Amino acid sequence: MLDCNQSSSREISSGSGPLTPIAMAGPVKLSRRRRVNDTDEKHTQPVWIDEMLRVRDSRDKAAFSALFSHFAPRIKGYLIKSGADATTAEECAQDVMTTLWRKADQFDPTRASVTTWIFTIARNRRIDMLRRDRRPDPEDLPWGPAPEPEQSHVLELQQESARLVEAVSNLPQNQRKLIEQAYFGEMTQAEIAEITGLPLGTIKSRLRLALDRLRHSLK
Amino acid sequence: MTNTNTSPAPNAIKHHLDEATLLAYSAGILPEAFNLIVATHISMCDTCRADAQAYDAVGGALLDDATAPVSADCLAQTLAMLDGLGAAPVKQATTGDFPAPLHDYVGGDLDSIRWRPVGMGVKQAILPTSKGATARLLFIPAGAAMPNHSHNGTELTLVLKGAFQDADGYFARGDIEIADSDVQHIPVADIHEDCICLAVTDAPLRFEGLLPRILQKFVRI
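In the order they appear, the protein sequences are chains A and B.
Our numbering numbers the first residue of the first sequence as 1121 and each following residue consecutively.
Our numbering numbers the first residue of the second sequence as -14 and each following residue consecutively.
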């Protein structure tokens, strides 16, 4: 079922590199979420960070409502694609958003974008919902979230996350479909082993480097 | 430092998780026993932590496109739930013998493990996880060998204490060995210290000798 003869696409790199022009997944939907119009600046404005920090630092319900309006339908869609019925998916999406409220003080913009962070909460909720399996989390890093993180670290991580979102949405349709199948739980572990040769490894490598540098700078 | 849970120095870990396992962990499709060993390794290995976080970001990127409208009163209902919610606990690093995720499954430190002998000085303790894969702690006395075995599926072995050597190399604290069904190996514990590992399999091991095969029926390896 899996077409794994994709080795020629390994050269695809994130952001600046050449992207295979066949069967694009659709236009890059950046302007809808970004509040800057200058395309040169499109990677410099962290997305949803202000709202998330207002929830974290001042328990701001207006900011929470803005996050909810954007993310609750996405969480619900993700859970439906993972096999939940609409009612369960909506209840679980509410759970994910209340968990965001409860865990807000653990949000660290030097380590994850808001979208990534919400994905991890939704993913854990999905495991509870569908499988009743436990998913132990790694222990937290000894240093914990910095009270006043270096703005350059926040910016770098958020920029690389935005580039990764863009690179994923620019993947050829067939590759993107395979990655979705992996993340929406339609693949076995063995099937996943067959797709790691896809350019996924390349498009995440810059973000991975940013995370790695961050780690060394904190030591 | 007196406890054994001190993270190894940054470049001490030589054997890491493979990309497929990290992606599957991030996607949330692994059986519980595999989740446990991945979470435990990531607790000890910053390299794999960064990799896993990058895969989480790929998941975030996919979330962006998956929309299904929520009902009109969904936000109002959720806002009504917020008041009175306490903060969620943080998964702090433990000061005990094991990284926090494993500590939870063992229910304490080394001295709380109920070991069962499996022969030749080797002991094991099976940890409670859901079906589909098995997690167990292994105790191999210094200088001793595990019974010769191969696997039907994948076996991951994470060194928690001491070290072992087999045909694939030398594995010290924090290192993880990935063995598939092709590997027939005889791990031998380093002579200087008893070796304790967390081993996870998605299929029963195949032992080569008759005696271990009979034993296997009774000890659930």
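The beta-carbon is built from N, C-alpha and C at its ideal position, and this holds for glycine as well.
Quick caveat: nothing in here was measured; it's all calculated off a predicted structure.
**Prompt:** Listed from N- to C-terminal order along the chain, which residues in the segment 77 to 89 of chain B have their beta-carbon within a distance smaller than 9 Å of any beta-carbon of chain A?
**Reply:** GLN77, ALA78, THR79, PRO84, ALA85, PRO86, LEU87, HIS88, ASP89
**Asked** Less than 7 Å separating the beta-carbons of A/ASP1215 and A/ARG1245?
**Response** yes
**Prompt:** How is the beta strand (DSSP E) around B/PHE124 delimited, first residue to last?
**Reply:** 119 to 125
**Item:** A/ARG1255 - DSSP class collapsed to helix/strand/coil
**Value:** coil
**Message:** Taking 7 Å as the threshold (C-beta atoms), are B/ALA127 and B/VAL173 in contact?
**Reply:** no
**Where the beta strand (DSSP E) containing B/THR142 begins and where it ends** = 140 to 146
**Message:** Residues in the same chain with beta-carbon distance under 6 Å from A/GLN1226, minus the five sequence neighbours each way, listed in chain order, please.
**Reply:** none
**Nearest residue (CA-CA) to B/VAL185, options B/LEU143, B/HIS170, B/ALA152** = B/LEU143
**Request:** Classify A/ALA1313 as buried or exposed, calling it buried when 16 or more other Cβ atoms lie within 10 Å of its own Cβ.
**Result:** buried
**Prompt:** Shortest alpha-carbon distance to B/SER56 belongs to which of A/PRO1292, A/SER1272, A/THR1208, A/VAL1288?
**Reply:** A/THR1208
**Bridge partners - B/HIS88, DSSP secondary structure assignment** = Looking at the DSSP assignment, B/HIS88 forms no beta bridge with any residue, so it has no partner.
**Request:** From the DSSP output, read off the bridge partner residues of B/CYS207.
**Result:** Given a span of -14 to 206 for chain B in the structure shown, any question on residue 207 of chain B remains unanswerable.
**Request:** Could you work out which residues of chain A lie near B/PRO54, taking near to mean beta carbons separated by less than 7 Å?
**Result:** PRO1193
**Message:** Using a 10 Å radius around the Cβ and a threshold of 16 neighbouring Cβ atoms, would you call A/TRP1221 buried or exposed?
**Reply:** buried
**Message:** What does the Cβ neighbour count give for A/GLU1270, buried or exposed, with the cut at 16 atoms within 10 Å?
**Reply:** exposed
**Message:** Which of the three DSSP states is assigned to B/ARG101 in this structure?
**Reply:** strand
**Request:** With DSSP collapsed to three states, give me the class of B/LYS108.
**Result:** strand
**Message:** Just to confirm, is the Cβ distance from B/ASP187 to B/ALA118 under 7 Å?
**Reply:** yes
**Message:** Are the CB atoms of B/ALA5 and A/ARG1328 within a distance shorter than 7 Å?
**Reply:** no
**Asked** For B/ALA152, is the classification buried or exposed, using 16 other Cβ atoms within 10 angstroms of its Cβ as the cut-off for buried?
**Response** exposed
**Asked** Where does B/ILE(-2) fall in DSSP's three states?
**Response** coil
**Asked** With DSSP run on the structure shown, which of helix, strand or coil describes A/GLU1306?
**Response** coil
**Prompt:** Applying a beta-carbon distance threshold of less than 8 Å, which residues of chain E neighbour A/SER1189?
**Reply:** The question asks about chain E, but that chain is absent: this structure's protein chains are A and B.
**Item:** Where the beta strand (DSSP E) containing B/GLY154 begins and where it ends
**Value:** 154 to 157
**Message:** As a quick exercise: from B/LEU21, B/SER97, B/ARG99, B/ASP165, pick the residue whose alpha carbon is nearest that of B/ALA85.
**Reply:** B/LEU21
**Prompt:** Mind checking B/HIS0: buried by the 16 CB within 10 Å criterion, or exposed?
**Reply:** buried
**Message:** Taking a contact to mean a Cβ-Cβ separation below 7 Å, would you say A/ARG1174 touches A/ALA1183 in this structure?
**Reply:** yes
**Request:** Using the Cα positions of A/PRO1265 and A/THR1230, report the straight-line distance between them to the nearest angstrom.
**Result:** Reliability of the predicted coordinates at A/PRO1265 is poor, the pLDDT of 46 falling under 50, and the value obtained from them is presented with this limitation in mind. Approximately 8 Å between the Cα atoms of the pair.
**Asked** Of all Cβ atoms in chain A, is any one closer than 7 Å to the Cβ of B/ASP68?
**Response** no
**Prompt:** Which residue spans inside the segment 1176 to 1223 of chain A form an unbroken alpha helix (DSSP H) run of at least 4?
**Reply:** 1181 to 1201, 1206 to 1223
**Asked** Got a sec: is the Cβ-Cβ distance from B/SER28 to anything in chain A below 7 Å?
**Response** yes
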